[in-house]
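J.: Starting off with a structure, shown below.
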Amino acid sequence: MNDPTFWNDQQTAKHISKQLSQIREEISHINKLDEVKEELETYISLLDGDFNEALFADAMEELTRCKAFTEKAEIECYLNGKYDHNDALFTIHAGAGGTEAQDWAEMLLRMFSRWAENNKFTWTVIDYLAGEEAGLKSVSVEVGGNFAYGLLKCEIGIHRLVRMSPFNSQGKRQTSFASVFVYPEFDDDIDVSIDPKDLRVDTYRSSSAGGQHVNTTDSAVRLTHLPTNIVVSCQNERSQIQNREKAMAILKGRLYQYYEEQREKEKKITESSKTDIGWGNQIRSYVFQPYQMVKDHRTNFESGQVDRVMDGDLDGFIYAWLKYAAGKRING
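163 is the number of the first residue of the sequence shown in the working numbering; add one for each residue after it.
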């Protein structure tokens, strides 16, 4: 990086800088774990020599502070998938149910944005389709940071809400669904060729949430890959050229993953078991009434603190799933 010509190739420089950042973070974690180990061993040594209640209380307090960090370090050991280090493209789609489902989709957007903020990930909305009365129909977000995809991939599936609907004048209990999909983002240099004849390009006026970024020209871009019917939209950039470049980069990533998944399906063509992921197969239920409970149906991890979960406290669910998935891999 100290080479004067380092930034001449912007794409390569960006890739190397990201790698360096990841390595520095890993080294920092290792050093921190060493510090934690030495500190706790010191407490043990002192308490073995001359037990002191005040010192024991300090040691237990320190142990509690260390637990969250050590658990996160343990979880990162499970994040050894091919794309786990990558940034993520995160999408939410409201299910059937009109305004109620669209409101639920927006609640999920807020929940995940708070989780990203708590974990110091970047969060950039690149496409937003608002609901007619409230909420949203669909949204696409870039989530940037080390292990963004590895941590968020466990959220893929159907999220179910049960509550007294504020949109129902009779105050009846309502069940709503929203789907979440997560894709790894790839560097621009991934080897995916796209025939221009296979691509439909549509432009339209940006309608992003908030108002201040809404353009008055047809700068938003929608790309449709006709053979696979994969659709990608981008409207957060100021110009049509920038939106098209961003949408093309995302499409290349989506196609790369699509072809990878197709190869995996061919390998597993003889297997008759269903996958855990799919529309109509909820992964988690959020119950607001008649009792309060959030439960993951894959791991049976649950929390009665609904408000905290909706405010982004998702680490328990994510860690439980990663341990569950690792166990499934080990046991075949």
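Ideal Cβ positions, reconstructed from N, Cα and C, are used throughout, including at glycine.
#1: For my contact list, ALA219 and TRP266 are in at a C-beta cut-off of 8 angstroms; report their separation, rounded to the angstrom.
#2: Have a look at SER190 and TYR486 and give me their C-alpha separation to the nearest angstrom.
#3: Evaluate the contact criterion for the segment 254-268 versus the segment 300-308: three or more CB pairs, one atom per stretch, below 8 angstroms.
#4: Give me the Cα-Cα distance between ILE392 and ARG416, rounded to the nearest whole angstrom.
#5: Look up GLN451 in the DSSP assignment and say whether it is helix, strand or coil.
#6: Taking the straight line between their C-alpha atoms, what separation do you get for GLU295 and PHE231?
#7: Does the contact criterion of 3 or more C-beta pairs under 8 angstroms hold for the segment 167-179 versus the segment 204-220?
#8: At 3 residues or longer, and completely inside the segment 453-478: list those beta strand (DSSP E) runs for me, N to C.
#9: With a 10 Å radius around its C-beta and 16 neighbouring C-beta atoms as the bar for buried, classify PHE213 as buried or exposed.
#10: Is LEU209 helix, strand or coil when you go by DSSP?
#11: May I ask you to list the residues that DSSP assigns as paired with PRO106?
#12: With a Cβ-Cβ cutoff of 9 angstroms, do TYR245 and PRO358 count as a contact?
#13: Along the chain, where does the beta strand (DSSP E) that runs through TRP169 open and close?
#14: To the nearest angstrom, report how far apart LEU388 and GLY306 are at their CA atoms.
#15: Can you tell which of ASP380, ASN443, MET222 has its C-alpha closest to the C-alpha of LEU202?
#16: Would you please state the rounded distance, in angstroms, between the beta carbons of MET326 and GLN451? I believe it to be under 8 angstroms.
#17: Can you say whether ARG446 is buried or exposed, counting buried as having 16 or more other CB atoms within 10 angstroms of its CB?
#18: How about LEU484 and LEU313: are their beta carbons less than 9 angstroms apart?
#19: Quick one: what's PHE339 bridged to in DSSP?
#20: Per DSSP, which one or two residues make a beta bridge with GLY293?
#21: By DSSP, does ARG400 sit in helix, in strand, or in coil?
#22: For ALA310, which residues of its own chain have a beta-carbon under 6 angstroms away from its beta-carbon, when the five flanking residues on both sides are left out?
#23: Taking the C-alpha atoms as reference points, what is the distance between TYR421 and THR390?
#24: In the DSSP assignment, find the beta strand (DSSP E) that holds ARG362 and state where it starts and stops.
#25: Rounded to a whole number of angstroms, what is the C-alpha to C-alpha distance between ASN193 and VAL287?
#26: For a quick check, are the C-beta atoms of HIS247 and ASN164 less than 9 angstroms apart?
#27: Give me the DSSP bridge partner(s) of ARG384.
T.: Working from what's here:
#1: Their Cβ separation, rounded to whole angstroms, is 45 angstroms, which puts ALA219 and TRP266 out of contact at 8 angstroms.
#2: 27 angstroms
#3: These segments touch.
#4: Cα to Cα, ILE392 sits roughly 8 angstroms from ARG416.
#5: coil
#6: 43 angstroms
#7: no
#8: 455-458
#9: exposed
#10: LEU209 falls in the helix class under three-state DSSP.
#11: Given that the chain is displayed from residue 163 to residue 494, the structure contains no residue 106 and the question cannot be resolved.
#12: no
#13: Note, TRP169: premise wrong, no beta strand (DSSP E); not H, not E.
#14: 29 angstroms
#15: MET222
#16: Right, their Cβ atoms sit about 5 angstroms apart.
#17: buried
#18: yes
#19: ARG322
#20: Answer by DSSP bridge pairing: none, since GLY293 is not bridged.
#21: Secondary structure of ARG400 (DSSP, three-state): coil.
#22: ASP249, ALA250, PHE283
#23: 10 angstroms
#24: 361-366
#25: 35 angstroms
#26: no
#27: Note: ARG384 sits in a beta bridge opposite ASP364, SER395.
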